[in-house]
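Q: Quick note: the sequence shown, position 98, residue 98 per full-length UniProt numbering, numbers continuous.
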Amino acid sequence: MIPYVSLSGQTNDWQSQLSNLITDPKELLAIAEIPTDSREYHAIEQACADFQLRVPRAFADKIEKGNANDPLLLQVLPSAQELLASPGYSTDPLGEEAANPIPGLIHKYESRVLVTLSGQCAINCRYCFRRHFPYAENRLTRDHLQEITAYVANNTALNEVILSGGDPLSVSNTQIRRFLSELASIQHITRIRFHTRLPVVIPERIDQTLLDTFSNSRQKIIIVVHTNHPNELDERFDRAMAQLTNNRVTLLNQTVLLKNINDNPETLTKLSERLFSAGVMPYYLHLLDKVVGATHFEIPEHDAIGLHRALQTQLPGFLVPKLVREIAGKSSKTWVY
Ligand SMILES: *Cc1c(COP(=O)(O)O)cnc(C)c1O
Ligand code: SF4
C-alpha cells in the first residue's frame, strides 16, 4: 500500500501514524485554524482530562480550515457541553459491566460474543459509549485469552466472535494472528468479525501481513468499519477496501446518528453511496447511546425516524442501514421501527 504523506510532507506507515497522534487540543485547533478564547479552552482541557483527545493527523488534515462546525472536527474536539449534567445518561448505558464474565469478554447475545482485544483507539470519538468503560481492569493478559478461548470452545451456541475494543486493529499483527489461530480450531465458530475505525482513519493499517492473515483464515472474516460522514473517506480508504475485498473479506459499515454532524438525509445518502462505491455495505445506523458527556449529540427518536424514511426514498433498499438502538438487557439490538 502507498504510505500516507501528510501535509507536512512526512511519509508514515501505520505504526508511526498511530504513535504520532494529535493529543493536544491546542495543536488540533491550530491545524484547523480555529481561534479559541481562554475560557472555552479551559473547558476543553477539563473534558480532555475525562477522556483524552486522540486524533490521527490524516483525519485532522481533512477538517475544513476555519470551520468550527466542521463535521469531522465536531466528532473529536472536546467541548464544554461534555461537562453539563445529563439526567438519564449513565457511565455504562449498555450494562456491559454486568455482561462481562471474564475480563475482556462481553457476552450479551446468544450466538455471538464480543472480545475487547484492545483498550486503545486510534481516534477518540467524543460520543463514544465506551468512554467510561474500565479498560484498565479489562486488559487482556495471556491467562485471560486462554480463559476466553476456553469459554468460546465450551459454548456451542456461539458461531461468531466479534473483536472489538477499543479498536481491535490497534494491536500488532502478531497478536491478531495468535488469537485467530486459537479460534481456528473451534469448529462451531464460523465467522470472525472486527469492529474497527482504523481502516477509515489510518487505512495503511490494512497491510500485507494482515491481508495474509485474513486470507489464510478458515473462518469467514467480516470487517465492520465505522464512518459517520463522507468527508472521512478518501482514495486511501478505497484502496484498503479493495485489498480486503480481494482477500474475500466481507465489508460492512456502522454509523452513529449525530446532531450537527450527519443528521440530514443528504449527508447520509451520500455516505451510503460513497461506501458502496468502495465495496462496503451499510449495516447499522445507531441512535446515540446515552453516555455521560454526550448529550449534545443526541437526535430525538422521532426525528431519526423521519430522517430514516427520507433515506428510503433516496436510496435502493440495500443501501439503507437498519436504524437501531441498544437497550441494556435485550437479547439483540433493537430495531427502532
Ligand atoms: C452490538 C453487539 C454485538 C453484535 O450485534 P449484531 O447485531 O450481531 O451486530 C454483539 N455483542 C455485543 C455485546 C454488542 O454490543
Ligand atoms: S473508534 Fe469506536 S470505540 Fe474508539 S472511541 Fe471511536 S467510537 Fe469509541
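The C-beta atom is built at its ideal place from N, Cα and C for all residues, glycine as well.
Counting beta carbon pairs with one atom in the stretch 309-323 and one in the stretch 282-297, are three or more of them shorter than 8 Å?
A: The stretch 282-297, when compared against the stretch 309-323, does touch it at the 8 Å Cβ threshold.
Q: Looking only at C-alpha atoms, which of I299, F179, N155, Q187 sits nearest to E110?
A: Within the sequence shown, numbered from 1, the residue matching residue 110 stands at position 110. If we check each option's Cα against that of E110, N155 comes out closest.
Q: Does the distance from the CB of L257 to the CB of M281 come in under 8 Å?
A: Within the sequence shown, residue 257 is the residue found at index 257, counting from 1. Within the sequence shown, residue 281 is the residue found at index 281, counting from 1. Not closer than 8 Å, so no.
Q: So does I106 have its beta carbon nearer than 7 Å to some heavy atom of ligand 1?
A: The residue labelled residue 106 in the question sits at position 106 within the sequence shown. Answer for I106: yes, Cβ within range of ligand 1.
Q: Return the Cβ separation of L105 and A328 in integer angstroms, given the expectation that the two are a contact with Cβ distance under 8 Å.
A: As a working note, residue 105 is residue 105 in the sequence shown. As a working note, residue 328 is residue 328 in the sequence shown. Actually they are not in contact, since the Cβ atoms of L105 and A328 sit about 17 Å apart, beyond 8 Å.
Q: Closer than 7 Å: is that where the CB of I123 sits relative to any heavy atom of ligand 2?
A: Position 123 of the sequence shown, counted from the start, is the residue given in the question as residue 123. It does: the Cβ of I123 is within 7 Å (strictly closer) of some heavy atom of ligand 2.
Q: So what does DSSP say about N155, is it helix, strand or coil?
A: Your numbering for residue 155 matches position 155 in the sequence shown. In this structure, N155 counts as coil in the three-state DSSP scheme.
Q: Closer than 8 Å by C-beta to N124: which residues in its own chain qualify, once you throw out the five before and the five after it? Chain order, please.
A: Translated into the one-based positions of the sequence shown, residue 124 becomes position 124. Cβ within range, chain order: F51, Q52, L53, R54, V55, V76, R131.
Q: What residues in its chain sit with their C-beta under 6 Å from that of L233, if we drop five residues either side in the sequence?
A: Working through the sequence shown from its first residue, we reach residue 233 at position 233. R274.
Q: How close, in whole Å, do the beta carbons of L117 and V171 come, if the pair is a contact with beta carbons under 8 Å?
A: Start at 1 with the first residue of the sequence shown, and residue 117 comes out as number 117. Start at 1 with the first residue of the sequence shown, and residue 171 comes out as number 171. Between V171 and L117 the Cβ distance is about 6 Å, and since that is below 8 Å, they are a contact.
Q: Residue range of the beta strand (DSSP E) that L163 falls in?
A: Here residue 163 is taken as the residue at index 163 of the sequence shown, counted from 1. Run containing L163: 160-164, per the beta strand (DSSP E) assignment.
Q: According to DSSP, is L196 helix, strand or coil?
A: By 1-based counting over the sequence shown, the position of residue 196 is 196. Here residue 196 is Thr; the residue named in the question, Leu, does not match the sequence. T196 falls in the strand class under three-state DSSP.
Q: Would you report the Cα separation of K65 and R248, rounded to the nearest angstrom?
A: As a first step, residue 65 is located in the sequence shown; it is residue number 65 there, counting from the start. As a first step, residue 248 is located in the sequence shown; it is residue number 248 there, counting from the start. Cα to Cα, K65 sits roughly 38 Å from R248.
Q: Just to confirm, does C128 get its C-beta within under 7 Å of one of the non-hydrogen atoms of ligand 2?
A: As a first step, residue 128 is located in the sequence shown; it is residue number 128 there, counting from the start. Yes, ligand 2 has a heavy atom inside 7 Å of this Cβ.
Q: Which term fits W335, buried or exposed, when burial requires 16 or more other beta carbons within 10 angstroms of its beta carbon?
A: In the sequence shown, counting from the first residue as 1, residue 335 sits at position 335. Exposed, because fewer than 16 other Cβ atoms sit within 10 Å of the Cβ of W335.
Q: Between F318 and the rest of its own chain, which residues show a CB-CB distance below 8 Å, the 5 nearest in sequence each way excluded?
A: Mapped onto the sequence shown, residue 318 falls at position 318. Result list for F318: M281, in chain order.
Q: Examine the Cβ distances between the stretch 287-296 and the stretch 84-104 and report whether three or more of them are shorter than 8 Å.
A: These segments touch.
Q: Looking at the unbroken alpha helix (DSSP H) that takes in V76, where does it start and where does it end?
A: What you label residue 76 is simply residue 76 of the sequence shown in a count that begins at 1. Looking at the DSSP string, the run of the alpha helix (DSSP H) that includes V76 is 73-76.
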